[in-house]
Structures are given as structure tokens and as C-alpha cells.
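There are 2 protein chains.
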Amino acid sequence: MTRIAGVRLATAAAGIRYKNRDDIVVIEMTAGGTCAGLFTRNAFCAAPVTVAREHLAKGSIRYLLINAGNANAGTGVPGLRAARETCRLLAGMAGCAMSQVLPFSTGVIGQDLPVDPFAQAIPGLLKDLSEDSWERAARAIMTTDTVPKLQTRTVALSGGDVVITGIAKGSGMICPDMATMLSYVATDAVVPQALLQTLLANAVDHSFNRITVDGDTSTNDACVLLASGASGVVVDSADNEDGQRFAAALGEVCAGLAEMIIRDGEGATKLVRIRVESAADDAEAAAVAYTVAHSPLVKTALFASDPNWGRILAAVGRAGVADLDVDAIRIWLDDVCIVEGGGRHPEYTEQAGQAVMKRSEITIRIDLARGERVTEVLTCDLSYDYVKINAEYRS
Amino acid sequence: MTRIAGVRLATAAAGIRYKNRDDIVVIEMTAGGTCAGLFTRNAFCAAPVTVAREHLAKGSIRYLLINAGNANAGTGVPGLRAARETCRLLAGMAGCAMSQVLPFSTGVIGQDLPVDPFAQAIPGLLKDLSEDSWERAARAIMTTDTVPKLQTRTVALSGGDVVITGIAKGSGMICPDMATMLSYVATDAVVPQALLQTLLANAVDHSFNRITVDGDTSTNDACVLLASGASGVVVDSADNEDGQRFAAALGEVCAGLAEMIIRDGEGATKLVRIRVESAADDAEAAAVAYTVAHSPLVKTALFASDPNWGRILAAVGRAGVADLDVDAIRIWLDDVCIVEGGGRHPEYTEQAGQAVMKRSEITIRIDLARGERVTEVLTCDLSYDYVKINAEYRS
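Listed in order, the protein sequences are those of chains A and B.
Each residue of the first sequence is one higher than the one before, starting from 1 at the first, in the working numbering.
Each residue of the second sequence is one higher than the one before, starting from 396 at the first, in the working numbering.
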């Protein structure tokens, strides 16, 4: 049961880029709900990101308008005009203010976004709105994704049950620096806007902001959390038991969606968890984790199921951590210790390493022996298909 | 004419990893010459790097001993013992002190280096030493390289002509943070050791330290400059006309070798120069250049000859430069301006972009409009063959 009372969705095939598939989505929230959003930190952010940030600041959001196939990024002033025009069209037909609509785009960068397909699709979209269209929406926002991504949780709070449902898309240009490519999460709980924003930021920091396919932070990353309030069940603090339960469930939805993005990473054949332990601070933990996660040599060894652990060691060594005591560092592939004392663990065997590398889910654990901070980054391998997908996309 | 009077070389097939090819090199310099060296900044540096650093500090270097196929990295204490033992063997047979030998290794990380093949090969190597073996040496140090890399220059100084000859190897795990995988340069000029080190550091900063294949800084990077002094022509300052001529020729040899490494980058089909202009400082120029050079999406677009300039723009945007004015940035593919005013240049055509992208040598020029600093980084594209080479290497 994915439904969120007070939130309705509709999809349509507007032909903006793709033929014979839905490529445009409207998500409507009942009046009186609250909305939180996080956006890419890429300086060349897309036009819809700029407009969505402006509109979100004014509050009272009623509609999200999303298209796939054209990112409306790198489009300068005409791009901003197109993003605003699509909001104006929807607002006019739905009877709300233009600033109550948040626009989102995903797809190819640098092509002008045509407004006509929106004008033609919006009347039908408004007629088709339904609480049951979450999966259709998850499909309509896909680009190089191969599977739709949807997560839902029901949480028992003191005032009754609330539901949290989210969808996401993303497969390449994935190294979110704020939120993933596109993700929309909704709940029927009553949550004040400021608290909603805090809850979303916390959840995203430990989910979407900790995944990477290729290190390329998108121009269009956006994550939105809607709280319709239709359940009447109130969450009014992050610190009491209800707040903690709600935050945990929201964290699960976001982490679940983030993991689905990595499983569906372009060309990915493996899900790889990089866990850095005993770091002196969060910055060095993240530096080591991302250096390993972005190493093309580590990623191709993972693709080949080759326990070429020297490449992991080399990546840790070049992560830029000052005064690293390499003799104290230990590295594991799942439960197999591969590195200790500056080199191969004395009991390590190629056979044991090979057995782990053949798995479709692998944890690389790195103990820096410097402090108490821990971080985890999810990534995938680098395969022929990544090159194929990205050498052929667009053409 | 590559010969350097006072420097002799020999190669042999020791069977350390490869069959039926030379894989070990000795370079001998006449007594009284000077030697400068630069090594990787990877914290997990290889055992021979540690030993070479120690020996170089003691001065009076007479021999370089190099093997290909086994990196002797990630090998802990046994690795250090093996590196020292190979120096001791050579010193014993050549009649010099062990600290007058610098050891170097390149190849697979994490495998113990066998000493026996050295013991068997060294007598023959010492007998075969010749001033004519530069190209054989360039071949013997190759791993995934497909061509030997050699550069030579003759410089007319006030005291007479001097020659500078260098060889290098490297194709993957290339993002030198001090010097490339392995490079050996020699001259017959007379150059005091401190000046030699300064001249080498300057040359390397603008050549080997400005190239990247895959962003993976090696554990074994090393660059050595020998000055045999056999010409009797003295270079005693970096600032006078002779010093500047010598530095220019040395810079050309290093830049030539660095470019050969990128042309021979694993799976590379294109040579790509990333030039960042009008940066506020060197750090942001390098950050932007390397972010573009390492972007898998930019690199696969280059492989596909697809003028998908949105990926370049996205990479510039995520380079972490604070307060970037995206509307002032301009980006060119060779002479074609693609980005201006935050989006596509008004006169840009897909046809013009396509024409550039089909070339085998391309310059991506990025004008940040923030200051006066300029930097250039050389890189290559990301092809199926990069994945193939790195998924299959070792097995």
C-alpha cells in the first residue's frame, strides 16, 4: 500500500524526448500540507532548480511538475523562461498561484525545453490525478534507469499510523551533493515546514548524499518531501519518541531508494559498500571512502571479480590524509582481512579473496586506526556497459 | 642520437613475471655525477620508493636497478628486505656501496618480489652495459604500455653542447602526484646536486604532474635525473642564460615523455588538453581542470566523439569553486565556443561541435573570468578497452 492520503499523481506521454512512454508527471498535494526540498550544489544548476528554490521559499506548495528526457540545464535565460512558463500553465489550469508549483527536469543537458508539450498534456494530467499512481510516476521519471524505484513504510505513532512513500530516479551522473537526481517522498503526517526540512536534510545526509555511481554530481539533483497532513497525526519534534520513529522510517525510505539507485547504476553488476572506520574526523572518512569508490581501477577489478586488493590499498594511500600510519591500517573484503602491517595479511589467500569478489554484494571495510568516526558510501562497479551507455546516450 | 656520455644501460629477461621479454634494467652513471629524484606522494608508497629515498639522501648514486611486472608495493617488511637485498647484490658485484644503488619496481601490487632472478641476471647485466641501450631500456620497463617512450634534446650552452635523454613508462594508474610511474632522464652536463633537484622539480611540475589517465596516483611513481658531467659543460644556476636553456630543454623532454604516456593511456583513442584560463588562483584552476579530466561522463563522450558539452559544464559546476559566476564562464572545444551566458553559445551548432569531437587531439578551454591564473592538464578518453585492460590485467 503506497497511497498517501492527500497526495495524488498523474502521468502522461508528452513526447518531449521519448516516444511511446510516459515522460511527464504531476504530483498534487492537498491545500494546507507542508513541503521541504533539497537541491544540487552544482554551480551550473538547472533552470528548474533555480525556479523551484525560489518558489519553495514562498511556501504553500500544491504541485510538483516533472519531465524526463530534457534536463533544462545549461540553457541560460531561455531555460529559466521555459521553467517558469510551465509553472504558469499548470497554475492557470489548476487555479493556484504560479509560485505554488515546483518544476523539475531530468535528461540531456543543454537543449531548450519546449513548452508546447506541457500545454497539451496538463489538462489530461489534472483530470487523471489519483492516489494510486505512485508506480506509474516512478516509471515516468526514468531516463537510463532500468527499474522504477519506490519505497514505502508505515509507522505507528502515538496518535495513529502514518505512511511514508517515496520514488526516485537516477542511474548515471550520480554523486549527489545534496539529494539524488530526482526523488519525491510524501507522508500523510502533519509536520511543520521547518521540522520537515530538518528531517529531510538528516535523512538525505545518510542516504542520497552517500552514494556514487561515477562521481559526477548532477546539475538537476532534487529531493522533495511532502507532508499532506491528511492522517491528522502530528509530528512536532525531532527529539521525542514519535519524531524519532518518524525519522527512522523516513531514513529507511531514503536509504532504500538510494540503494535502488546504486543497484541500477549504469552498467552496474555489483553493489559495493565502502565502510571507513576509526577515522579521526568525518572529512577524512569521506575522503578515503570516496577515493576508493571513485577509483576506476578498483571499480574495474570489482567488475572482473578480481581480488586485486593492491588497487584498494593504492586508493587509500592517495586519499590525501596527512600522516597516515599505513602499518596500522587494516582492510577487509567482507569478513576476509586482506591488508595488515602495510601489506597482505599473513593468513590471506587468493582463494578467500576470490570467493568474496564473486559475490554480487560486497563490503570493503577500511580501519584507519586514527579515531572514532565511521562513514559508509554505496557504489557499484565499472563495466563495459557503463562505457556503452554513456558513449551511446544522446545519439 | 640518444647517447649520454658517462651513462650506460643494460637489459635482461629475468622472468620475474613476463616470459620472453626483457623485464630488468640497470642504468650506470660514471663516478662523480649527480642525481636528483622525485617520488610518489601515495602514503602506501612501494618498498623500493622508501629505499630509493633513503639511498638518494646519502648521495653519490652510481646505479639504478629497475624491474617491471612486480611493483613490490603493499608488501610490508618483506618487501623492504627484498628491495634492499637487490641493491646489496648489485653493489657487491659492481664494487660500490649498497646506498649507491637506487631500486625501482613497477607492475602488480601486493606480490612478494623474488630476489633470485636478480641474483641470476645481474652478472650478465653488468657485462652488457652500453651507452646505446636507451631504447631497449625503454622497452624493458613497459607493463601495459603499448609503445616505448623516449625523448632526447641537444642544447647549445656557452661552454658547448650537452644532451638530455629520458625514458618513461606508464599507461594506467596514472595521475602522478610528484612524478610519473617511472621516468629516467640523463644528461652529460655538469650540474650540482641541489640545482639538479630544483631543475627536475620545476620540469616535473609542468609535465608529469599535469597528466592523468584515471586519477589513480600510483604507489611507485618515480622520476630520476642523472647528470654524468662527462661533457665538462657546466650548468651552475637556474637563472642565467645557460640555466634557462637547459631548463627549457629538460622541460621539453619531460613534457614530451608525459604526452607520450597520455597518448598511450590504457584504452585511449584521443589526446585531450584541458586548459583552464582566468582562474583566481592555481588551486581552483587545477580543481576545475582535474574535475573535467576525471569525469567519466566527459571521458565517455570524448570516446564517442559526441559533443555532449553539457557534461563539461556539469563537471565545471561541481568542481567546488566558491561563488562561481556561471554566466561569465566561457567554454571552447578547440576554436568552437560552446558555452556562454550560462548555456549554449548562440552561434554554436551541433555540426561544429561534432567536427571538433571527431579529432584525435582536442583542447577543452575553460575561461573562468575570475583572475589571471592558467593551468593545463593532459588526459585521454575512457573506452571499452580501458575497462577490458583493467578487468583482465593480472589474470
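We put the beta carbon where it would ideally sit given N, CA and C, even for glycine.
Distance between beta carbons of residue j and residue i, contact taken as under 8 Å
i: R8/A; j: E131/A; result: 5 Å
i: R153/A; j: E259/A; result: Actually they are not in contact, since the Cβ atoms of R153/A and E259/A sit about 14 Å apart, beyond 8 Å.
i: G160/A; j: V734/B; result: So it is not a contact: roughly 53 Å between Cβ atoms.
i: P691/B; j: L777/B; result: 6 Å
i: V190/A; j: R245/A; result: Wrong, their Cβ atoms sit about 15 Å apart, outside the cutoff.
i: T219/A; j: N42/A; result: 5 Å
i: A535/B; j: T582/B; result: Actually they do not touch by this definition, with Cβ atoms about 21 Å apart.
i: G736/B; j: G33/A; result: 37 Å between Cβ atoms; not a contact.
i: G172/A; j: I389/A; result: 7 Å
i: P509/B; j: I411/B; result: 7 Å
i: P512/B; j: A405/B; result: The Cβ separation is near 15 Å, so there is no contact.
i: I109/A; j: A71/A; result: 5 Å
Enclosing alpha helix (DSSP H) for residue i [first to last residue]
i: D701/B; result: Per DSSP, D701/B belongs to no alpha helix (DSSP H) and is neither H nor E.
i: A193/A; result: In the sequence on display, residue 193/A carries Gln and not Ala. Start and end: Q193 to D205.
i: G471/B; result: G471 to A489
i: N390/A; result: Y384 to E392
i: I517/B; result: D511 to D523
i: T640/B; result: It is worth fixing the name first, because residue 640/B is Arg in this sequence and not Thr. E636 to R658 is the extent of the alpha helix (DSSP H) around R640/B.
i: L113/A; result: No alpha helix (DSSP H) contains L113/A, which DSSP labels as neither H nor E.
i: G353/A; result: E350 to M357
i: V292/A; result: D282 to H294
i: L451/B; result: A442 to K453
i: D531/B; result: Contrary to the premise, residue 531/B reads as Arg rather than Asp in this sequence. R531/B -> alpha helix (DSSP H) spans W529 to A535.
Distance cut-off 7 Å: residue i Cβ against heavy atoms of the ligand SAM
i: I419/B; result: As presented, the structure is devoid of all ligands, the ligand SAM included, so that no description of it is given.
Where residue i sits in the DSSP three-state scheme
i: G705/B; result: helix
i: V272/A; result: strand
i: T391/B; result: The structure shown does not extend to residue 391/B, since chain B is modelled only from 396 to 790, so the question has no answer here.
i: Y413/B; result: coil
i: S790/B; result: Caution is warranted here: a pLDDT of 44 is assigned to S790/B, below 50, making its placement in the model unreliable, and the coordinate value is therefore given only provisionally. Note: S790/B maps to coil in three-state DSSP.
i: K348/B; result: With chain B covering only 396 through 790, there is no way to say anything about residue 348/B.
i: L728/B; result: strand
i: A405/B; result: strand
i: V734/B; result: strand
i: N792/B; result: Outside the displayed range of chain B (396 to 790) lies residue 792/B, so it cannot be described from this structure.
i: N67/A; result: strand
i: E277/A; result: strand
i: G107/A; result: strand
i: V608/B; result: coil
i: V316/A; result: helix
i: I399/B; result: coil
i: S231/A; result: coil
Enclosing beta strand (DSSP E) for residue i [first to last residue]
i: F39/A; result: T34 to F39
i: Y184/A; result: L182 to T187
i: M29/A; result: I24 to M29
i: D762/B; result: E756 to D762
i: G339/B; result: Past the boundaries of the shown model lies residue 339/B; chain B is included only from 396 to 790, so the question cannot be answered.
i: R768/B; result: R768 to C775
i: A622/B; result: A617 to A622
i: T541/B; result: Here T541/B belongs to no beta strand (DSSP E), and DSSP marks it neither H nor E.
Within 8 Å of chain B by C-beta, residues of the stretch 59-88 of chain A in sequence order: Residues are counted here when their Cβ sits less than 8 Å from a Cβ of chain B; for the stretch 59-88 of chain A these are A71, A73, G74, T75, G76, V77, P78 and G79, given in chain order.
Please list the residues of the stretch 5-18 of chain A that have a C-beta atom closer than 8 Å to any C-beta atom in chain B, keeping them in chain order. none
Residues in the stretch 431-447 of chain B having any Cβ partner in chain A nearer than 8 Å: R436, N437, A438, F439 and C440
Interfacial residues, the stretch 637-664 of chain B to chain A, with Cβ spacing under 7 Å: none
Chain A contacts made by the stretch 751-779 of chain B, where a contact means CB separation under 7 Å: L777, S778 and Y779
Of the residues that make up the stretch 209-228 of chain A, which ones have a beta carbon closer than 8 Å to any beta carbon in chain B? Within the stretch 209-228 of chain A, contact with chain B at the beta-carbon level (separation under 8 Å) is assigned to D214, G215, D216, T217, S218 and T219.
Which residues, in order along the stretch 488-508 of chain B, keep a beta-carbon less than 9 Å from a beta-carbon of chain A? Result list: V503, I504, G505, Q506 and D507.
Can you list, in chain order, the residues of the stretch 331-357 of chain A whose Cβ is nearer than 8 Å to any Cβ on chain B? Within the stretch 331-357 of chain A, the residues whose Cβ lies closer than 8 Å to some Cβ of chain B are V339, G341, G342, G343 and R344, listed in chain order.
Near-chain B residues of the stretch 304-317 of chain A - C-beta to any C-beta below 8 Å: A304, D306, N308, W309, G310, R311, L313, A314, A315, V316 and G317
Closer than 9 Å, Cβ to Cβ, to anything on chain B: give me those residues from the stretch 151-177 of chain A, in chain order. Taking 9 Å as the Cβ-Cβ cut-off against chain B, the residues of the stretch 151-177 of chain A that qualify are G172, M173, C175 and D177.
The stretch 138-150 of chain A: which residues have C-beta closer than 9 Å to a C-beta of chain B, in chain order? none
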